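Chains as they are written, first to last, in the working numbering: chain X, 1 to 317; chain E, 318 to 634.
Just so it is clear, CB atoms sit at the ideal spot from N, CA and C, and this is done for glycine as well.
Keep in mind the model is a prediction, meaning the values are calculated, not measured.
One structure is given here, and the rest of the page talks about it.
2 protein chains.
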Amino acid sequence: MPDKVLIYSRFPKSVMGRFAERFELLDAAGKSPHEVFSAEELAGVRALVTAGGTPLDGEAMDRLPLLGAIICYGTGYDGVDLTAAARRGIAIGHSPGANASSVADIAMILMLAATRRLLAADGYVRSGDWAASKPSPMMRPQAGLRGRRIGVFGMGEIGRKIAARAAAFEAEVGYFSRSRHEVPHQYFPTLEALADWCSVLMIAVRASAETHHVVSADILKRLGEDGCVVNIARGSVIDQAALVAALTDKAIAGAGLDVYEREPHTPDALTALPNVVLTPHIGGHTLEAHVAMQDCVLANLTAFFAGQPLPHQVKVG
Amino acid sequence: MPDKVLIYSRFPKSVMGRFAERFELLDAAGKSPHEVFSAEELAGVRALVTAGGTPLDGEAMDRLPLLGAIICYGTGYDGVDLTAAARRGIAIGHSPGANASSVADIAMILMLAATRRLLAADGYVRSGDWAASKPSPMMRPQAGLRGRRIGVFGMGEIGRKIAARAAAFEAEVGYFSRSRHEVPHQYFPTLEALADWCSVLMIAVRASAETHHVVSADILKRLGEDGCVVNIARGSVIDQAALVAALTDKAIAGAGLDVYEREPHTPDALTALPNVVLTPHIGGHTLEAHVAMQDCVLANLTAFFAGQPLPHQVKVG
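Here's what the structure looks like:
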């Protein structure tokens, strides 16, 4: 009989296909498992697959008495209470780097589209306004990337890939991270110093209690009136209300977001803005990133059920 | 008295500001000069500024008997009849490379937005469909750039900059050009061979009679069903009707266009397509590219009126 695996978050069916071939899946589809499955069914669950951002606390773990492995689909694991898991002897796996290129690409798309006002430009052509030579304030020339100062917040695998891409656009690249890295970019010791220096801020930091709302009204203001902020990390890193205010008051010029504070909810005050580019958390959503993330999940699950250490384990502490 | 300069194409007023400080401008705003100005006024014109794509033939030159210099704003000069100008001893200037980074950036934006379906993604968030978990076929995962084969057609300054940017996205980059260049990318001896190899074709070739409609239905089909074509060169290089057919029939997956056959006209069959990203010829439309192009125009005009050779002259033949 195949081993049982609980699917804890809501995933598209297509993502689950390869797991279903190897395991018996209990798919809670984003609901609380105890609302969907009986206590008996859950009692046999030794491993679960979750999206790293989905909240998963000690109480939820206690409803799965045999749980030994929490496998995150993707690189993030910010929703998982690491201390609670460690206390219960539950190993946590993820897919480090599997979607890094794909996420870095979305960061660049959002930055380029926001700074060159792609949505307004496409609308200008499709509406017929261009053909009619109708003036549009949104079509005024903007600063390009050559020589522009781009700040990267976080220098993990995604941050490094964003920095390498940005450098190819002839931009100056600086970064802030808890520690200095062996990378050919200027290091800033604080987020404030980075924000004072750059006009484009790319958020690629791992979410944690420490980074909650760290991109504040003050940080945004430091980017300046032609400033642009891009977030592909987690919605919690930006104070979203402060961001909407900064965009509305033109304290900064634009933003590109793939992540939000309460996904999939996006406030009307944000979606009504013309100077933002919004994507529905699709950073890692390419064919090859999905295959790579699934490879990590399968390797983790296979090792776990064989009594081996997880090959892609989150190191705690 | 300042020297007279005829403004032959339609330009935004903001672009002309620096020229007006130095010269007396006769601004035809895109109309035929003889419809706007008297023969007497035109008789004194020794230099004109034009957009390189604007048609300018021997007959038009003959209406300006003292014309000695045609200065193109930007790198292109495909609208100018070079033979007719040479026969009349008229020098042709342009702004080589001044907007290359800015244009290469737009090529990348169009490619990224088309392959990752940015417009559909933004619409999915803004419409509330994401919040409502409404399925969307446009949101299915697509191939990303890592390991993807990107073909660059034309290896001038813009082509080289596109290739360098694409390589930073971990893509494989190949190119076709009349001659092989000293670049770290795979060379293909024909456009057909490049199109067979790549799935993304970036058009960065200088427009000429030779390149008219060279990106044909056959070339597009060779890109394959997940193929994408991006054009930032000139609309004449693609057979636009064949492109609309290929997109409608799903012979290729998408396109990103900054240039069109009859600008600013764009056919409804094109603007109605969901799988295209359209910008209104804004490749060179950044603050720094405008300054650099204006620097070239001013240097050319100043030299011409001083009886010196043009510092940025088009080499004919």
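Reference residue i, options the options, closest by Cα
i      : options                           : result
X:G93  : X:A132, X:S216, X:G17 and X:V80   : X:V80
X:L247 : X:R146, X:G89, X:A193 and X:A217  : X:A217
X:F305 : X:A132, X:H281, X:D62 and X:G44   : X:G44
X:C198 : X:C228, X:V276, X:M108 and X:A60  : X:C228
X:S179 : X:F169, X:G147, X:V173 and X:L191 : X:L191
X:R318 : X:S136, X:P135 and X:L112         : Shown here, chain X extends from 1 to 317; a query on residue 318 of chain X therefore has no answer.
X:G68  : X:D78, X:K315 and X:A47           : X:A47
X:E157 : X:A98, X:I109, X:A195 and X:G144  : X:A98
E:M519 : E:H602, E:V554, E:A558 and E:Y325 : E:V554
E:V593 : E:S444, E:I426, E:G391 and E:A620 : E:I426
E:P458 : E:G476, E:I549 and E:A437         : E:A437
E:G601 : E:S418, E:S525 and E:A620         : E:S418
X:L56  : X:S38, X:F37 and X:K31            : X:K31
X:G76  : X:A253, X:Y124, X:R18 and X:G235  : X:G235
E:A448 : X:L298, X:Y260 and X:C296         : X:Y260
X:K4   : X:P12, X:R22, X:R10 and X:F11     : X:R22
E:L590 : E:A562, E:H607 and E:N617         : E:A562
X:C72  : X:V173, X:A51, X:A241 and X:L223  : X:A51
E:R405 : E:L595, E:D395, E:R579 and E:D379 : E:D379
X:A114 : X:L64, X:Y8 and X:N231            : X:N231
X:F11  : E:L587, E:M333 and E:S450         : E:S450
E:A402 : E:G391, E:L383 and E:P413         : E:L383
With 16 other Cβ atoms within 10 Å as the buried cut-off, status of residue i
i      : result
E:H498 : exposed
X:A91  : buried
E:M455 : exposed
E:A421 : buried
X:H265 : exposed
E:A488 : buried
E:K567 : exposed
X:T83  : exposed
X:S14  : exposed
X:K315 : exposed
X:M293 : buried
X:S267 : Position check: residue 267 of chain X holds Pro in this sequence, whereas Ser was assumed. It counts as exposed.
E:S444 : exposed
X:Q308 : exposed
X:A29  : exposed
E:M318 : exposed
X:L243 : buried
X:H185 : buried
X:S38  : exposed
Host alpha helix (DSSP H) of residue i (start-end)
i      : result
X:E35  : P33 to V36
E:V614 : L604 to F622
X:R222 : A217 to L223
X:F19  : K13 to R22
X:A84  : L82 to R87
X:R160 : E157 to A168
E:G440 : L435 to R443
Proximal chain E residues relative to residue i, where beta-carbon distance stays under 8 Å
i      : result
X:G144 : S418, S419, D422, T603, L604, E605 and A606
X:D295 : Going along chain E, no residue has its Cβ under 8 Å from X:D295, so there is no contact; the nearest lies around 14 Å.
X:P33  : Under the 8 Å cutoff, chain E gives no residues; its nearest Cβ is about 19 Å from X:P33.
X:P280 : A438, Y441, V442, W447 and M456
Chain-ordered chain X contacts of residue i [CB-CB under 8 Å]
i      : result
E:A345 : The contacting residues do not exist; E:A345 stays about 15 Å from chain X at best.
E:L537 : Correct list: empty, because the minimum Cβ distance to chain X is about 21 Å.
E:L435 : I109, A113, L118, V277 and T279
Contacts that residue i makes with chain E (C-beta to C-beta distance below 9 Å)
i     : result
X:H94 : What X:H94 touches in chain E: nothing, since even the nearest Cβ is about 19 Å away.
Opening and closing residue of the beta strand (DSSP E) in which residue i lies
i      : result
E:Y394 : E:Y394 -> no beta strand (DSSP E), and no H or E assigned at all.
E:E489 : E489 to F493
E:A368 : A364 to A368
E:V593 : V593 to L595
E:R466 : R466 to F470
Residues that residue i contacts on chain X, provided the C-beta gap is smaller than 9 Å
i      : result
E:L564 : None at all; the shortest Cβ gap to chain X is about 14 Å.
E:R363 : Near E:R363 there are no residues of chain X at all, since even the closest Cβ is about 29 Å away, more than 9 Å.
E:M333 : Those do not exist, as E:M333 stays about 14 Å from chain X at its closest Cβ, beyond 9 Å.
E:L540 : Here the premise fails: no neighbours, minimum Cβ distance about 17 Å.
Within chain E, the residues that residue i reaches when beta carbons sit closer than 7 Å
i      : result
X:M108 : L429
X:K164 : Sequence check: residue 164 of chain X is Ala here, not Lys. Near X:A164 (Cβ distances below 7 Å), the residues of chain E are A485.
Give the residues from the stretch 486-518 of chain E that approach chain X closer than 8 Å (Cβ to any Cβ), ordered along the chain.
Against chain X - using a Cβ distance shorter than 8 Å - the residues of the stretch 486-518 of chain E are F486 and E487.
Between the stretch 121-132 of chain X and chain E, which residues of the former have CB atoms less than 7 Å from a CB of the latter, in chain order?
Within the stretch 121-132 of chain X, those residues whose Cβ lies closer than 7 Å to any Cβ of chain E are, in chain order, A121, D122, Y124, V125, R126, W130 and A131.
When Cβ atoms are compared, which residues of the stretch 579-595 of chain E fall closer than 8 Å to chain X?
Taking 8 Å as the cut-off between beta carbons, the residues of the stretch 579-595 of chain E near chain X are P581, H582, T583, T588, V594 and L595, in sequence order.
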